[in-house]
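Data first, discussion second: the structure below is written as structure tokens.
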Amino acid sequence: MMKFGIIGFGRHAVKRLIPAFEIIEDAEIVAIQKRQQDAVGAACAKYGIPRGYTDVDALLKDREVDVVFIASPPALHHEQVLQSARAGKPILLEKPMSANAAEAEEMVRVCHENHTLFSAGFCMRNVDSIAVVKDLLDSGRIGEIGYVEARFTYDANLSDRGWLHDPIMSAGGPVADLGSHMIDIISYLFRERFVDVRSFLRPAYTETDIEKQGLIILQMESGKMASVHTSFELPRSKSMVFHGAKGVMHLAEFSLTHSDIDIHIETADSTETISVHNDDHFVNMIRQFMDDVRKGGPMTCPGEVGLANQRILDIVYGRD
Ligand SMILES: NC(=O)c1ccc[n+]([C@@H]2O[C@H](COP(=O)([O-])OP(=O)(O)OC[C@H]3O[C@@H](n4cnc5c(N)ncnc54)[C@H](OP(=O)(O)O)[C@@H]3O)[C@@H](O)[C@H]2O)c1
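Residue numbers (the working numbering): 157 to 476.
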């Protein structure tokens, strides 16, 4: 049994991690951290979790905790990863990696120095429909890819997460929150470096306001182009379109858990729809992390993946 401590037991932990841990037979949440004593006590009672802490270091000193899942707002990731690394607890960290690439570099370095296994939690890599898309792209089904369109929008006015609109705590608006996922999927599918990154943020991201909409244009080493459109003002929507020399492939709402997802392929002489059943990608991601930890590494999605992603965000936000 691998025993997890969750640092930042908030909405995401309740909505995604509790159901995932219910499915994973050989993992258990033994400790959580929240800011208020009464709230952490209530959450422990509600979800049957043995111990609750208000202090991150106290959770890290808990000898029962084998590994940590950090699910706090982005600006807290840096300090919490350094604390966990120094405590020698293997880390699975939510996206986006941090507030900037300098912090992300230090996180990766301190984990190496302390021989602490560190994984970036880019869960979209573990979506079943994305795995099938990867196989289809690798098989050349629609030929050499010229252009990828990715969109992820969400009406953030519907969210009661206060930090989402706080430029310091969130380290960015929809580009950081939603775009980081899409940029990572593109990196994962094509395993290529981005050699040029341009962006349009409306309004501009400042120290007092986040952008509400962002369009990122990326060029890969091979010349492939990609665009990532994100918004906090449009209804929830997520889609990808791959334009290849022999056809077009597209899919929408592809990360819904426990759902059938249609991948549409159109070539000059045929149209086809492939239906893929998605299990829960958080289950897949946590299981992958556990396998990597049991083997003593390397991590399938190491901290360096988060660092590369953060470097793109730094360019977009003018922090490079
Ligand atoms: N991979 C995905 O698909 C996905 C989806 C959603 C979220 N996420 C990521 O998960 C992380 C947490 O998101 P969430 O929706 O769970 O956020 P949340 O519910 O607002 O908060 C998560 C945790 O952070 C603490 N926290 C919130 N605001 C804070 C502040 N201003 N100062 C100090 N601590 C604060 C909360 O403390 P209390 O418990 O004391 O309130 C809670 O423990 C983020 O990195 C987000 O990007 C990922």
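For glycine and all other residues, C-beta sits at the position ideal for the given N, C-alpha and C.
Check	Outcome
Cβ-based burial, D483 [other Cβ within 10 Å; buried from 16]	Coverage of the chain is limited to positions 157 through 476, which leaves residue 483 absent and any answer about it impossible.
For A187 and V196, the rounded distance between their alpha carbons	10 angstroms
Whole-angstrom C-beta distance between A227 and G166, which should lie under 8 angstroms	7 angstroms
Buried versus exposed call for R307 [16 or more other C-beta atoms within 10 Å across all chains shown]	buried
K290 versus L345: straight-line alpha-carbon distance, rounded	6 angstroms
Own chain partners of K380 with C-beta closer than 6 angstroms, once the 5 adjacent residues on each side are dropped	I301
Outcome for Y361 when other beta-carbon atoms lying within 10 angstroms are tallied against a minimum of 16	buried
Outcome for G474 when other beta-carbon atoms lying within 10 angstroms are tallied against a minimum of 16	exposed
Top-ranked residue by Cα proximity to A260, from T272, G277 and V237	V237
K451 classed as buried or exposed, judged by whether at least 16 other C-beta atoms fall within 10 angstroms	exposed
Helix, strand or coil at N256 according to DSSP, with G and I counted as helix	coil
Which of helix, strand or coil DSSP assigns to G164	coil
Start-to-end residues for the beta strand (DSSP E) that takes in M376	Q369 to M376
Chain-order list of residues whose beta-carbon lies under 6 angstroms from that of T309 (same chain, five-residue window excluded)	S387, L390 and S393
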